[in-house]
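Step one of this worksheet: look at the structure below.
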Amino acid sequence: MENKSITYLSAFLATALSVTSCCLSEGYGTSVEQKQISLVEKMPSRPQPYKVLDWKQKARDFDKYVYDMNSDMPAGNMIWLDDSQRNIPQITFGLYTAVHDVRQGPDVNNGEFHESLNALTTILGAGLVGIDKTSQNGYNYVKMIQNYFNSDTGWNIMMNNTCPQVASLGGGYGRDWWYDVFPNVLYYAVCDVFHGVDNSENIQHSIAEQFCKADSVLAGDYDYSYFDYGRMKGCVNNIPLEQDAAGGHGYVLYSAYRKFGDKRYLKHAESAIAALDGQKESRFYEILLPMGIYTAARLNAEQGTSYDLSRMLGWVFDGCKSTSGRTGWGVICGKWGNYDVSGLQGSTTDGGGYAFLMNSIDMAWPLVPMVKYAPEYARAIGKWMLNNVNASRLFFPDQLPDGNQGLPGMQSYTNSIIAYEGLRYEDCYGEARLKNVHPVALGDGPKWAAGNPEESMFSVYSTSPSGIFGAIVDTTDVSMILRLDCNATDFYADKKFPVYLYYNPYKENKTFTYDAETGRKDIFDVLSKKYVAKGVNGKAGISIPADSAMLLVELPAGTHISVRKGNLIAKDQIIAFK
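Every letter in the sequence shown is one number past the one before it in the working numbering, and letter 259, counting from 1, is 259.
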């Protein structure tokens with residue numbers, strides 16, 4: 001007689017872990033041929049030593065500490081209230097850029113010197129991991145950040161400070177284009193995470209109008225150090241020319257087009273990205289070029305443009321070689337001491353290499369969702385992210401031996417919640433004990449101002465984007481095969497169905513467990529143009545070929561896929577562009 005327990009168990013396993021074979025061979029066109037990014041090919045397939053942090057928990061711990069106005073942490077509070085009421089008649093808040101930064105605080109310059117790059121990123125990261133910043137401990141922080149909208153200056157965009165004059169007195173930054181553009185990129189992202197906050201659409205409209213006017217004035221010539229949005233005039237100062245600001249303009253304007261539907265915003269988004277695409281060489285610095293590449297990919301897919309993504313990706317990964325730009329700025333590739341550090345972003349030349357946590361995390365924001373629109377780069381981005389995620393943990397005090405840190409023995413100061421700003425090949429400018437030590441975690445905080453304490457190496461603004469990784473990065477039951485959420489940072493986009501990127505770094509096929517949302521699901525691979533599982537209820541074992549990627553779309557079971565103008569359509573949404 002048949003054993004009923006075994007029968008029931010077999011039925012359960014068939015539902016939970018098996019792949020329904022019926023019709024899995026059915027294809028919807030030719031598979032997507034993968035394109036290489038040359039620097040990524042030089043990165044290790046399986047970086048060592050390997051460890052992935054729980055980035056979601058990192059982001060939640062960071063938010064809980066940084067927004068605690070009565071912290072009992074040894075490092076003390078990182079936040080204060082600012083009642084100066086610049087630009088908007090309301091109380092706002094300030095965050096230390098670096099721990100105990102003497103330029104900042106409630107008693108310095110009336111508490112007005114604080115940075116939107118920090119505040120906006122903390123709010124975005126928190127929102128991405130499910131924290132409601134519109135109602136937290138009695139404050140609507142999303143409303144409070146509107147004080148960075150500089151109406152008093154006449155620029156009428158989000159700026160890095162509520163008052164540039166006070167920032168200058170406090171040792172703030174001179175005009176540096178990315179500092180003026182990126183807050184607006186961040187603000188648009190925040191507004192897509194937190195909808196319906198009073199006055200937010202007015203600010204978004206103003207930003208889009210100012211960027212439209214600026215792009216009209218620039219007329220394809222972005223050869224400036226910064227742009228005066230009050231006088232509508234490009235300017236050159238001691239800062240190298242920042243042509244990749246066009247990528248930031250394009251990102252914001254296309255987001256504005258998707259939100260408001262104004263064709264002028266689309267026109268100027270295309271104009272800005274055309275200016276970026278027309279550059280003769282890499283002028284990569286910080287983050288705006290990757291934002292532009294993502295926008296170029298969306299425009300190619302959704303609007304039929306033909307920007308050269310391969311060339312621009314090469315500009316990012318191979319870095320800037322121009323003597324009139326930020327020479328050496330790119331992506332790190334190699335092993336420092338016993339640690340693989342490939343995938344991090346920063347200077348590839350300063351002291352043998354100087355990587356930054358903020359930049360390394362921020363670059364995932366545009367490039368992971370980019371593969372939805374340019375799936376030919378799925379394998380390359382998957383391999384880069386495996387390296388990047390692994391190496392990014394090395395900025396935290398509890399992830400390196402004391403001998404590799406600028407502040408040994410201070411792991412408990414913030415419970416390793418706040419990371420070092422940077423990771424150097426070696427500290428060739430500092431203490432003798434750190435010479436010939438590879439790598440070294442430290443930061444530039446002590447160099448920013450006389451009297452800045454050594455703990456200013458711990459960087460609040462560098463740790464602030466942890467929620468970006470928290471939203472994108474998850475593990476599977478196979479070590480080194482990550483689950484990357486391509487929807488998490490794909491703002492102002494159609495996201496009816498979950499989309500995940502997987503990369504197999506092994507030389508043999510691997511089977512990982514796919515976790516589906518509630519209800520029966522069909523799993524479709526955009527790269528092979530085939531179903532890999534049907535009728536999944538909970539979990540399914542999916543085989544991924546050696547050294548390859550899958551871009552999986554999760555559809556309600558039985559969803560019909562049609563072909564329209566070369567695009568694959570499910571329930572009136574494009575799931576694969578032609």
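For every residue, glycine included, the Cβ atom is placed at its ideal position computed from N, Cα and C.
Keeping to the same chain, check which residues put their C-beta closer than 7 Å to that of residue i; ignore five residues upstream and five downstream.
i      : result
CYS22  : Note that CYS22 scores a pLDDT of 41, beneath 50, so its modelled location is shaky; the value from the coordinates is reported in the next line. Contacts found: LYS534.
PRO606 : Shown here, the chain extends from 1 to 578; a query on residue 606 therefore has no answer.
ASN452 : ASP101, VAL102, GLY445, PRO446
GLU33  : GLU376
GLU2   : Low local confidence applies: a pLDDT of 40 at GLU2 is under 50, so the model's placement there is unreliable, with the coordinate-based value given in what follows. The answer is none, since no qualifying residue turns up.
VAL185 : GLY248, TYR251, VAL252, MET291
SER548 : ARG379, ASN504
LYS571 : LYS496, THR559
GLN36  : ALA380
Could you pull the DSSP bridge partners for residue i from this structure?
i      : result
GLN405 : ALA441
VAL108 : Looking at the DSSP assignment, VAL108 forms no beta bridge with any residue, so it has no partner.
ASP515 : LYS539
THR475 : LEU482
VAL553 : VAL499, PHE524
ASP82  : THR92
LYS335 : ASP340
SER466 : Per DSSP, none; premise fails for SER466.
TYR531 : PHE524
ALA576 : LEU568
TYR563 : Note on residue identity: the sequence assigns Val, not Tyr, to residue 563. The partner list for VAL563 (beta bridge, DSSP) reads LEU568.
LEU423 : ALA355, ALA441
SER459 : ALA98
ILE544 : LYS510
Between which residues of its own chain and residue i is the CB-CB distance below 6 Å, once the five residues before and five after are set aside?
i      : result
TRP586 : In the structure displayed, the chain extends from 1 to 578; residue 586 sits before or after that span and is not available.
ALA119 : LEU95, ILE145
ASP362 : ILE287, PRO465
GLY170 : A caution first: GLY170 carries a pLDDT of 47, below 50, which makes its placement in the model unreliable, though a value can still be read off. These residues qualify, in order along the chain: ARG103, ASN109, PHE113.
LYS578 : GLY566, ASN567
PHE211 : HIS249, VAL252, LEU253
GLY196 : none
ALA256 : ALA208, TYR265
ALA301 : TYR373, PHE577
TYR613 : The first residue shown for the chain is 1 and the last is 578, placing residue 613 beyond what the model contains.
ILE575 : VAL553, LEU568
GLU74  : The sequence shown places Pro at residue 74, rather than the Glu named in the question. The residues are TYR413.
HIS268 : CYS212, ASP215, LEU253
GLY470 : TRP55, LYS56, ALA59, VAL129
Counting only the same chain and skipping the five closest in sequence on each side, list residues whose C-beta sits under 8 Å from that of residue i.
i      : result
VAL563 : TYR28, GLY29, ILE569
If contacts are defined as beta-carbon pairs under 8 Å, then residue i and residue j qualify, I think. What distance do you get, rounded to the angstrom?
i      : j      : result
TYR502 : LEU552 : 7 Å
VAL579 : PHE458 : Lying before the first or after the last residue shown, residue 579 is absent from the chain, which here runs from 1 to 578.
MET158 : LYS383 : The Cβ separation is near 34 Å, so there is no contact.
GLY220 : GLY278 : 7 Å
GLN573 : PHE497 : 7 Å
ASN237 : ASN150 : With a Cβ gap of about 19 Å, ASN237 and ASN150 do not count as contacting.
ALA245 : TRP178 : 6 Å
ASP350 : GLY328 : 7 Å
ALA546 : TYR506 : 6 Å
ASN70  : LEU117 : Actually they are not in contact, since the Cβ atoms of ASN70 and LEU117 sit about 26 Å apart, beyond 8 Å.
MET617 : ALA297 : Here the chain comprises residues numbered 1 to 578, so residue 617 is not present and cannot be evaluated.
LEU241 : TYR229 : Wrong, their Cβ atoms sit about 18 Å apart, outside the cutoff.
GLY330 : THR348 : 5 Å
LEU81  : PHE93  : 6 Å
ILE123 : TYR139 : Not confirmed; about 11 Å, so no contact.
ILE239 : ASP176 : 5 Å
ASP522 : LEU555 : 5 Å
Would you say residue i reaches chain C, if we count a Cβ-Cβ gap shorter than 9 Å as a contact?
i     : result
TYR50 : The chain labelled as chain C is not found in the depicted structure, where only one protein chain is given.
**Q.** Uninterrupted beta strand (DSSP E) stretches inside the segment 211-293 (no shorter than 3 residues)
**A.** Counting whole runs of 3 or more residues, the segment 211-293 contains the beta strand (DSSP E) stretches 226-228, 233-235.
Q) Counting Cβ pairs, one atom from each stretch, are 3 or more of them under 8 Å apart for the segment 397-409 and the segment 63-76? A) Contact fails: fewer than three Cβ-Cβ distances are below 8 Å.
Q) Touch check for the segment 480-494 and the segment 129-142: three-plus C-beta pairs under 8 Å? A) Short answer: they don't touch.
Q. In chain order, which beta strand (DSSP E) runs of at least 3 residues are fully inside the segment 339-415?
A. When DSSP assignments are scanned along the segment 339-415, the uninterrupted stretches of beta strand (DSSP E) that are 3 or more residues long and fall wholly within it turn out to be 345-347, 354-356.
Q) So does the segment 362-379 actually touch the segment 444-456, counting three or more Cβ pairs closer than 8 Å? A) Contact between the segment 362-379 and the segment 444-456 is absent, with fewer than three C-beta pairs closer than 8 Å.
Q: Would you be able to state if there are at least three C-beta pairs under 8 Å between the segment 410-422 and the segment 354-361?
A: A contact is defined here as three or more CB-CB pairs under 8 Å, and the segment 354-361 meets this definition with respect to the segment 410-422.
Q: Give a yes or no on contact between the segment 43-58 and the segment 458-475, applying the rule of three or more CB pairs nearer than 8 Å.
A: A contact exists between the segment 43-58 and the segment 458-475.
(Q) Check whether the segment 337-344 and the segment 381-390 touch, using three or more Cβ-Cβ pairs below 8 Å as the test. (A) Contact check between the segment 337-344 and the segment 381-390: three or more CB pairs, one atom from each, fall below 8 Å, which counts as touching.
Q. Can at least three beta-carbon pairs, one atom from the segment 541-552 and one from the segment 505-520, be found at a separation below 8 Å?
A. Output reads yes: the segment 505-520 touches the segment 541-552.
Q: Answer yes if the segment 196-206 comes into contact with the segment 273-285, meaning at least three C-beta pairs across the two stretches below 8 Å, and no otherwise.
A: Touching, no.
Q | alpha helix (DSSP H) runs contained entirely in the segment 133-215, provided each spans 4 or more residues | A | For the segment 133-215, whole alpha helix (DSSP H) runs of length 4 or above, ordered along the chain, are 141-144, 164-169, 177-193.
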